Structure formats: structure tokens, C-alpha cells
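Protein chains: 2
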Amino acid sequence: MKTRKAPTPAPPTLLARLRQQGLRVTPQRRAILGLLSAGHGHFTAEDVYQHISPGMPDVSRTTVYSTLRDLVERGELTEVADPGAEAVRYDTNTALHHHLVCLSCHALLDIGRDFPGLRLTGKEAAGYQITRHQVTFLGYCPACLASRPAQPTGDA
Amino acid sequence: MKTRKAPTPAPPTLLARLRQQGLRVTPQRRAILGLLSAGHGHFTAEDVYQHISPGMPDVSRTTVYSTLRDLVERGELTEVADPGAEAVRYDTNTALHHHLVCLSCHALLDIGRDFPGLRLTGKEAAGYQITRHQVTFLGYCPACLASRPAQPTGDA
DNA sequence: TTCCTTGCAAACAGTTTGCAGTCAT
DNA sequence: ATGACTGCAAACTGTTTGCAAGGAA
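Listed in order, the protein sequences are those of chains A and B.
Under the numbering used here, the first residue of the first sequence carries the number 823, and numbering increases by one thereafter.
Under the numbering used here, the first residue of the second sequence carries the number 823, and numbering increases by one thereafter.
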């Protein structure tokens, strides 16, 4: 999709940022980061591996895992909390946002805004230093709703 | 703590509820449910196993896992979402509440109230049937704060 | 008696690690 | 040239499954 356009000056990409942190830019990392930068998605390590394998037959899962871990450590990626999920999913959107998750198929949607009033009292915080908060809406996606015997509309 | 008081009529306990659903009450289940009912905690399967092993040397992890799964399926237990956690943690508090989690040691605190305004617009919900929501506050617990080189107070 | 439940052992999925060769710098 | 990075294979952890014996109803 990106076929040698005019020589635009390279923006301070994820790649550039990592290079500055002393990480070496290898073809594998280039591929992984390229995928992650391509759009805001939620990938599992396996997803990443499958996506880049075609164009890079030699990649190993090991490298994918280690690169993802490096990115998380550097705050360029966050892990998505999803009970019942088989594998860890990584979120390329590190800005404050929330999620809507399907309890059945684990489809994941971003909710790109924050909600006011999500603050704990000093007592509730119990000495914790809170760095962020995350709201997860749980439910059933349209597809799963269609193939289910109608969920009760909720009893609470 | 509960040492044979006056013969109060047995309340509709977890145990009773399960019996009604056709589940058989075995000593193993009695032990597991006893632990879970004892207080509102957050256990991993291994935790449960370790807790009941002393008084019941024959329990197997298999039974613990299968019982926990049954309980989740029946809505008597919920899985706690915690990115970075090694194992699934089960929450005996199925009422609407939220969590405060330590990013370092994964200590988990209940926030026993809801927050107003946590509703998605129809557009945001995108056809999902939302059944519940969950707020997770992430940060560092006092203990981890003490053993860390002072976290930045937060840049946002 | 019936068949749900248990526990063992083996299977599994996701992820991590040890190590020697390779490559970015 | 140097040491970070890679990839293979094996190790590991948490969890699930197959199956025969056992126990609740």
C-alpha cells in the first residue's frame, strides 16, 4: 500500500522513537511496527505473527513476543484487559480511551472518550497512586446476538 | 468465626442455589464454596486449591478448575480483568462494583460503588447489547510505591 | 441404580528462555 | 568489531480433557 512515494521527511514515528531509545531497527521490527502503526487495532502476538509472516517468512514468534514486550515496557503499547480472553491483546492506542467488549466472541471496540467523575476519594484510593483508569463495557456484539437465543434484557 | 450458633434456618446459600440447579453437593465443592462464601475475595484457582488442600488432601486442581468454571457459568462468580496477571482471578462479589489494581504486584481492591454517567450513546454502542460495565483504576499500591524509585506523579 | 463428579495423567495454548549464529551500528 | 537481535527448540505456567473409579441422589 505504501509504494515509494515522494520523499516526504520521515515523521517522528514509533520507529524513530525506538531508535532514539537505543533499539536497533531490524527488518523484523520494521515489519511489526509497520503493522502496529498502520491503524489502531488490537492484536494478539499471534495476530501480528500471522500478518507479517507472508512478507517475512523467517520471522519467529519469539521475535514477535520479544518486540511486543519491549514496546509495552516503553509505553508504546498497552495490554488490554479482557477476562476470558485466551491471549493477551495489545492496544496501539495508548491515549486515554475505553473499551466495549463482546462477552461471547471478544470483539473489541474503542470508546474514544473519557467519562467525567471517575475519581476515587482519598479513602477509596487507600494510599494507591493512581495512574489511570479504564472503563470496560461488556455485552454482546450484533453478530453474537444474532446467533444466540435472545439474552434477557438485563435484570438489574 | 461462625461456631454453631442458634439453629438459624439455613439461608439460601450459594450451596443451596447450586443444589437447586441440579449440581451435586460433594465434599470438595462444599470446601470450595465455603472458602468463596467466607468473604469477598479475589482468588486464583491455585489460591483456592492451596486454601482447601490442608483440610482436604485429596482434592485435585482439576476439581477446583471445574468447579470454578461451573460457578462462572452460573453467574455466581466473575472473572477479574487484569492485564499482566498470570492467572485468572475470580471475584465472589458479583454485585456491581469496580476495582483498583496495583500495576506492580496486582494487589486488588474493591471499589464498592458505581459511577454515574457511564452510559454509551446508541452510536457508540454500535448495536451491542451492553450487560454491564466495569471501571478499573490502575496505579501502585503503598507497598510497591515504597519500594520503587518514586513514580512520576503523572504527566496527563 | 444412575450418571454426575472426581482425580490422575497427558494434552494444550500462550509465552518465556537458553544458546549459537547473524546483523545493525 | 561488538554486542544487540534473531530463530530454533525446549521449558514453563495456567488450564483443559480423556477416562476409569467413586459417590450423591
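Don't be surprised by glycine CBs; every beta carbon is placed ideally from N, CA and C.
From a predicted model like this one, the values you see are computed outputs, not experimental measurements.
Nearest-angstrom Cα separation, counted from residue j out to residue i
i        : j        : result
A/Ala965 : B/Val902 : 25 Å
A/Thr884 : A/Gly856 : 18 Å
A/Leu922 : A/Leu930 : 6 Å
B/Leu940 : B/Cys924 : 23 Å
A/Leu837 : A/Tyr912 : 17 Å
A/Gln843 : A/Thr889 : 14 Å
A/Arg980 : A/Tyr962 : Lying outside 823 to 978, the shown extent of chain A, residue 980 of chain A is not represented and no answer is given.
A/Arg970 : A/Gly949 : 44 Å
A/Ala832 : A/Arg839 : For A/Ala832, the pLDDT reaches just 43, beneath the cut-off of 50, and the residue's location in the model is therefore unreliable, although a value from the coordinates is still provided. Taking the straight line from one Cα to the other gives about 12 Å.
A/Leu967 : B/Ala947 : 13 Å
B/Tyr887 : B/Gln951 : 29 Å
B/Phe865 : B/Pro879 : 19 Å
A/Gly897 : B/Ser926 : 15 Å
A/Pro938 : B/Ile874 : 43 Å
B/His862 : A/Ala860 : 43 Å
A/Arg935 : B/His955 : 15 Å
A/Thr835 : B/Thr835 : 57 Å
Where residue i meets chain A, residues with beta-carbon distance less than 8 Å
i        : result
B/Gly863 : Under the 8 Å cutoff, chain A gives no residues; its nearest Cβ is about 16 Å from B/Gly863.
B/Arg839 : None at all; the shortest Cβ gap to chain A is about 15 Å.
B/His928 : What B/His928 touches in chain A: nothing, since even the nearest Cβ is about 11 Å away.
B/Leu925 : Thr953
Beta-carbon proximity check, residue i vs residue j, cutoff 8 Å
i        : j        : result
B/His919 : B/Thr958 : no
B/Ala909 : B/Ala867 : yes
A/Thr916 : B/Leu960 : no
B/Leu942 : A/Ile933 : yes
B/Val870 : B/Gln850 : no
B/Leu845 : B/Asp892 : yes
A/Gly944 : A/His928 : no
Proximal chain A residues relative to residue i, where beta-carbon distance stays under 9 Å
i        : result
B/Asp904 : Ala903 and Pro905
B/Glu946 : Leu922, Leu931, Ile933, Gly934, Arg935 and Phe959
B/Pro980 : It is not possible to answer for residue 980 of chain B, since the shown part of chain B is limited to 823 through 978.
B/Leu899 : Chain A residues near B/Leu899: none, gap ~11 Å exceeds 9 Å.
Chain-ordered neighbours of residue i on chain B, where CB pairs are closer than 9 Å
i        : result
A/Leu967 : Gly949, Tyr950 and Gln951
Cβ neighbour criterion (16 or more within 10 Å) applied to residue i
i        : result
A/Thr914 : buried
A/Asp904 : buried
A/Glu895 : exposed
B/Asp977 : With a pLDDT of 39 at B/Asp977, under the threshold of 50, the predicted position of this residue should be treated as unreliable, though the coordinate-derived value follows. It counts as exposed.
B/Gln872 : exposed
A/Pro876 : exposed
B/Val847 : exposed
A/Ala828 : Confidence at A/Ala828 is low in this model, with a pLDDT of 47, below 50, so the placement of that residue is unreliable and no value is reported for it.
Proximal chain B residues relative to residue i, where beta-carbon distance stays under 8 Å
i        : result
A/Leu855 : None at all; the shortest Cβ gap to chain B is about 21 Å.
A/His955 : Val957, Thr958, Phe959 and Leu960
A/Leu942 : Leu922, Ile933 and Phe959
7 Å Cβ cut-off: residues of chain A touching residue i
i        : result
B/Pro938 : Gly939
Enumerated in chain order, which unbroken segments of the beta strand (DSSP E) with a length of 3 residues or greater are wholly contained in the region 860-928 of chain A? 864-866, 900-902, 911-913 and 920-924
Where in the region 931-976 of chain A do unbroken runs of the alpha helix (DSSP H), each at least 4 residues long, occur, reported from the N-terminal end onward? 944-947 and 964-968
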